[in-house]
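Q:
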Amino acid sequence: MASDRPDLAVQLFGRTFRTPVWAASGCFGYGREFAGVLDLSRVGAICVKGTSIEPWTGNPGIRVVETPGGMLNAIGLQNPGVDHFLTVDWPWLQEQGATVIVNIVGRTVEEYVAVARRLEGTGVAAVELNISCPNVKEGGMAFGTTPGSAAAVTAAVRKATTLPLIVKLSPNVADVVAIARAVEDAGADGLSVINTLQGMSIDIRRRRPHLGNVFGGLSGPAIKPVALRMVWQVAGAVKVPVIGVGGIMSGEDAAEFLMAGASAVQVGTACFIDPRAPLTIAEELARFMGEHGFRNVRALVGAARG
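According to my numbering, the sequence shown holds residues 3 to 308 in order.
#1: Smallest Cα separation from Ala116: which of Val169, Thr53 and Gly125?
#2: Mapping DSSP to helix, strand and coil, what is Val90?
#3: For Thr18, which residues of its own chain have a beta-carbon under 6 Å away from its beta-carbon, when the five flanking residues on both sides are left out?
#4: Work out the CA separation of Gly219 and Arg65 for me, nearest whole Å.
#5: Nearest CA to the CA of Ser203: which residue from Gln13, Gly214, Val195 and Arg7?
#6: Pick out the complete alpha helix (DSSP H) segments inside the stretch 158–200, 4 residues or longer, and give them in chain order.
#7: Are the beta-carbon atoms of Val343 and Glu140 separated by less than 8 Å?
#8: Roughly how many angstroms separate the alpha carbons of Val299 and Pro62, rounded to a whole number?
#9: Which residues does DSSP pair with Asp6 in a beta bridge?
#10: So for Ile55, helix, strand or coil by DSSP?
#11: With which residues is Pro243 paired in a DSSP beta bridge?
#12: Can you tell me the Cα-Cα spacing of Met3 and Thr21, whole angstroms?
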């Protein structure tokens, strides 16, 4: 019976999301490539590609390489800029009935603020602050690697927008909890945990790194145990919702992150294998919940924490 189906809806940031399984930024583009194989309105949320104030060309050379249990990417946050998003992609996404979160990027605090201001009043569901970008005013060090710099960009964007503000944390740090607490104190409404791990791969026949940028972001099942550990740590240290990200390939993977304390999850690399992954994983999660007596997502969140 339909009434026996577990309720996948989640209430976060003052709105209801259809499911807790969202498409992760960078792996779903702006949704156009996926519209032919799934109904975008059925995806819990689509976190669109990192969007900057001006168009970014991205990195030269080879940008993606497959690795055992995952993939490395060094795209360089190529995107057409926020004006293109607002005039071309956002109207189209609205026509599809999609729930959209805009991942925003910048090389300076001022650039992040400018993007956030452009999105104010547009009707997007939230902004997701990518603090793994290199801060050009601080010698290229990523904004998210110290509590001070992470808090500074979060506070500046918080002042610039009334939209829900989710901060995406980098795992390439010594103490993710300290940074999580700093951005929570600076005004974050939620935290995405985690971004990619830094890695590399060498072509031994060419005797050169595979990636044109040498280093890239490692994603996929290989990073799941690290992501799960960080979600557990952060969820136990902050009061704002945590969105789990990293190597989620199945409904049972999603259940692990929710049980660790995440309120929702994002699916990235899985979309390259199965373009319908956000829906497939949501269906698998519903099946698991039904089999194990979880009537709603709220009952699952933190279930492993005792």
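The beta-carbon is built from N, C-alpha and C at its ideal position, and this holds for glycine as well. Values in this document were obtained by computation on a predicted structure and should not be read as measured data.
A: If we stick to the structure as given:
#1: Taking the first residue of the sequence shown as 1, we reach residue 116 at position 114. Checked all of Val169, Thr53 and Gly125; the closest Cα to Ala116 is Thr53.
#2: Here residue 90 is taken as the residue at index 88 of the sequence shown, counted from 1. Residue state, collapsed to three classes: helix.
#3: On the sequence shown, position 16 is the one that residue 18 refers to. Answer for Thr18: Ala11, listed in chain order.
#4: For the purposes of this step, residue 65 is identified with residue 63 of the sequence shown, where counting begins at 1. For the purposes of this step, residue 219 is identified with residue 217 of the sequence shown, where counting begins at 1. Straight-line Cα distance between these residues: approximately 10 Å.
#5: Numbered from 1 along the sequence shown, position 201 holds the residue referred to as residue 203. Ranking Gln13, Gly214, Val195 and Arg7 by Cα distance to Ser203 puts Gly214 first.
#6: 178–187
#7: Outside the displayed range of the chain (3 to 308) lies residue 343, so it cannot be described from this structure.
#8: The residue labelled residue 299 in the question sits at position 297 within the sequence shown. The residue labelled residue 62 in the question sits at position 60 within the sequence shown. Going by the C-alpha atoms only, they are around 42 Å apart.
#9: Working through the sequence shown from its first residue, we reach residue 6 at position 4. The partner list for Asp6 (beta bridge, DSSP) is empty, contrary to what the question assumes.
#10: As a first step, residue 55 is located in the sequence shown; it is residue number 53 there, counting from the start. Coil at Ile55, not helix or strand.
#11: One-based indexing of the sequence shown puts residue 243 at position 241. DSSP, once it has assigned bridges, lists no residue as partnering Pro243.
#12: The sequence position of residue 3 within the sequence shown is 1, counting from 1. The sequence position of residue 21 within the sequence shown is 19, counting from 1. The pLDDT assigned to Met3 is 40, lower than 50, so where the model puts this residue is not dependable, and the model offers no usable value.
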